[in-house]
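Those protein sequences? They're chains W and L, same order as listed.
What the first sequence shows, in the working numbering, is residues 695 to 957, in sequence order.
What the second sequence shows, in the working numbering, is residues 170 to 443, in sequence order.
Glycine included, every Cβ here is placed at the ideal spot set by N, Cα and C.
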Amino acid sequence: MNRPFLFAAQLGLTLLVAAFLVIPVLMSMLAGVTVNFFQGISSGLTLRWVWRVLDLYADTLALSLGLALACLACTLVLGVPAAYALAKRPSRLTRLIEEMLVVPVAVPGLATALALLIAYGGFREFRTSAAFILVGHVLFTLPFMIRAVLAVLSSIDLKTLEEGARSLGASFPHRFFGVILPNCRSGILAGSLMVVTLSIGEFNLTWMLHTPLTKTLPVGLADSYASMRLEIGSAYTLIFFILILPLLMAMQALSRPRRRKET
Amino acid sequence: MSDMRENTLLALLLAPALLVFVAFFLLPIGRLALAAGSGPDGIMAYAAILTDARYRESLIATVLLSAGVTLATLALCAVCGLFLERNRFPGRAVLIGIMTLPLSFPGVVVGFLVIMLAGRQGLIGDLTQALTGSKLVFAYSMAGLFIGYLYFSIPRVILTVMASAEKLDRRLEEAARSLGASTFAVTRDVILPGLLPALLSSGAICFATSMGAFGTAFTLATNIDVLPMVIYTEFTLHANIAMAAALSLILGLITWAVLALARTAAGSSVAAAG
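Structural data, given as structure tokens:
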């Protein structure tokens, strides 16, 4: 088979797939600032829909950002020490614990949400508060934090580092905050970006756990797709993209140099 | 520090995460399993997924859809991933960026993007209207769901394929070629077997994610009978908590088993339910 033809065919397919992924995103962004999407771009550009969304759904934005930060705090406090303990003693038991902690990611959010509703739905105060959603988000994102930190901790020589610090007289808190944490900075950063991105976009769990007073951004999105005109749904999606794209790009930038180092 | 003291310390560091896991996952899942058996059919609720025609059909439809999406995603990503890894050309980095960016778009947003493409006012509708005079609209059906699942599967799989393609031993291909193997034979006998572990593990993630996905179907139409939608309607519309519990447990068991199987078959991987 001739090579230039093969190259062209592969390039063509790759471009087609890229177009499939990017065109609807651009379309929805454009639709969010178009006066009338049905008439097309010739009807003019406007920020009217964006303001409408901010007017209607500002509370969902605030709740989602708040939840994402709270979720980040929880996963840091729970996940980083856990990852350290798992890395320190690689054994069959810790391997099993690690496998177990990852299960909430392998099970559909719908099932986890139903389980939470059946077990804790009766506690009204808890059920109607944002903490109920936070619990779901922490369950779902914690494995990503643990995995990211664990990956870095397993690649550095933890033992030598710690023994060096200990021989200099550093106590455990000193070693943990002064030596271990700075050394797994990149893992914590990667995990944090992942946790915040996933929490902001989480829908499967959140849709089941939310109440009319605890609507997050994706819940509001689903609501606007179902009941608002297309331009408002698009403008809302545009705001979501503006929020999430920098996080995704930071994640891409972070993973690039690390991959090169590995080879 | 003695070993004993250190073990206690490590246990203390691990305890909070384990406590949260037990209290908010293990315990609730146990309650879910009990609730599933407490309906009018008792323990037989678990068998209903096979004996009741509606549940059985939705299970078959969901498995077929997920398998189809997985095969299509693997085929596309094997070609594109290999191509992007092996060729250097201007705009390559942008292409990779575009293809991995939708990595964690929520299902609801993906559903909306499908409407943008194939909905009543969508791009495909406009194009077919202009070309053939009749409007092609398929967003609100199984075909729309297929497109949506393909959309969120591609970024997950392509990253794994590229990472695996980077590690392939090019000398094997050169040896095969110098022995007279055609491009097709090299691809079939050398490249694909080399990519197989990556394809298996990312394919399993893709399949499990598609089985459990809820947001996309929710945005497109409530009458698409995939298993997560059936569970949702059982729970909210029919208040049939026992059946919803049984079905979601079985669904969870399927996705977990697929991922666990693929992990033992192909080394470690990170999974994500969409």
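- Annotation for N409 of chain L: no alpha helix (DSSP H) segment contains it, and DSSP assigns it neither H nor E.
- If you look at L296 of chain L, you'll find it in the alpha helix (DSSP H) that goes 292 to 301.
- Taking the Cβ atoms as the reference, A944 of chain W lies roughly 6 Å from L887 of chain W, within the contact range of under 8 Å.
- The residue among L:L203, L:G291, L:Y318 with its C-alpha nearest the C-alpha of G237 of chain L is L:Y318.
- Here G830 of chain W is near L903 of chain W, since their CB atoms are less than 7 Å apart.
- For R340 of chain L, the closest alpha carbon among the candidates L:I423, L:R174, L:I360 is that of L:I360.
- Burial check for L942 of chain W: the Cβ neighbour count within 10 Å reaches 16 or more, so the residue is buried.
- Contact note: V189 of chain L reaches chain W through C768, L772, V829, V832, L833, L836, using a C-beta cutoff of 9 Å and chain order.
- Residue state for L720 of chain W is assigned as helix, using DSSP reduced to three classes.
- Of all residues in the region 415 to 438 of chain L, the ones placed with a Cβ closer than 8 Å to any Cβ belonging to chain W are S417, L418, L420, G421, T424, W425, L428, A429, in chain order.
- The alpha carbon of L422 of chain L has as its nearest neighbour, out of L:P366, L:Y215, L:Y401, L:T356, the alpha carbon of L:Y215.
- When DSSP states are grouped into helix, strand and coil, T329 of chain L belongs to the helix group.
- Rounded to the nearest whole angstrom, the C-alpha separation of V355 of chain L and L364 of chain L is 13 Å.
- Residue environment: K782 of chain W is assigned as buried (16 or more neighbouring CB atoms within 10 Å of its CB, all protein chains considered).
- S865 of chain W counts as exposed, since fewer than 16 other beta carbons sit within 10 angstroms of its beta carbon.
- Taking each of L:G313, L:R289, L:T242 in turn and checking the Cα distance to F732 of chain W, the smallest one comes out for L:R289.
- Restricting attention to alpha helix (DSSP H) runs no shorter than 4 residues, the region 334 to 388 of chain L encloses them at 339 to 347, 352 to 355, 361 to 381, ordered along the chain.
- Restricting attention to W:A725, W:L911, W:L810, W:M839, the CA atom closest to the CA of P775 of chain W is found in W:M839.
- In chain L, no part has a C-beta under 9 Å from the C-beta of L748 of chain W; the shortest such distance is about 18 Å.
- The CB of E857 of chain W never comes closer than 8 Å to any CB in chain L; the least such distance is about 11 Å.
- Q946 of chain W and L808 of chain W have their C-alpha atoms spaced approximately 34 Å apart.
- Residues of chain W whose Cβ lies closer than 8 Å to the Cβ of I218 of chain L do not exist; the shortest such Cβ separation is about 14 Å.
- With 16 or more other Cβ atoms from the protein chains shown falling within 10 Å of its own Cβ, S893 of chain W counts as buried.
- For T433 of chain L, the three-state secondary structure derived from DSSP is helix.
- For G816 of chain W, the nearest beta carbon of chain L is not closer than 7 Å to its own beta carbon.
- With a cutoff of 7 Å on beta-carbon distance, T769 of chain W and L911 of chain W are scored as not near each other.
- A check of alpha carbon separations from V873 of chain W across W:L883, W:G885, W:K909, W:A859 identifies W:A859 as the nearest.
- Judged by beta-carbon spacing, E403 of chain L lies beyond the 7 Å limit of A334 of chain L, meaning their Cβ atoms are not closer than that value.
- In this structure, the beta-carbon distance from P802 of chain W to G381 of chain L falls below 7 Å.
- In the three-state scheme derived from DSSP, where H, G and I count as helix and E and B as strand, L739 of chain W is classed as strand.
- Under the three-pair Cβ rule at 8 Å, the region 710 to 720 of chain W counts as touching the region 257 to 270 of chain L.
- Closest by C-alpha distance to A842 of chain W, out of W:D749, W:L705, W:L780, is W:L780.
- Flagged as an interface residue toward chain L: V711 of chain W, by a C-beta distance shorter than 7 Å.
- Using a CB distance cut-off of 7 Å, F321 of chain L does not count as an interface residue toward chain W.
- In the structure shown, T728 of chain W adopts extended strand secondary structure according to DSSP, grouped into three states.
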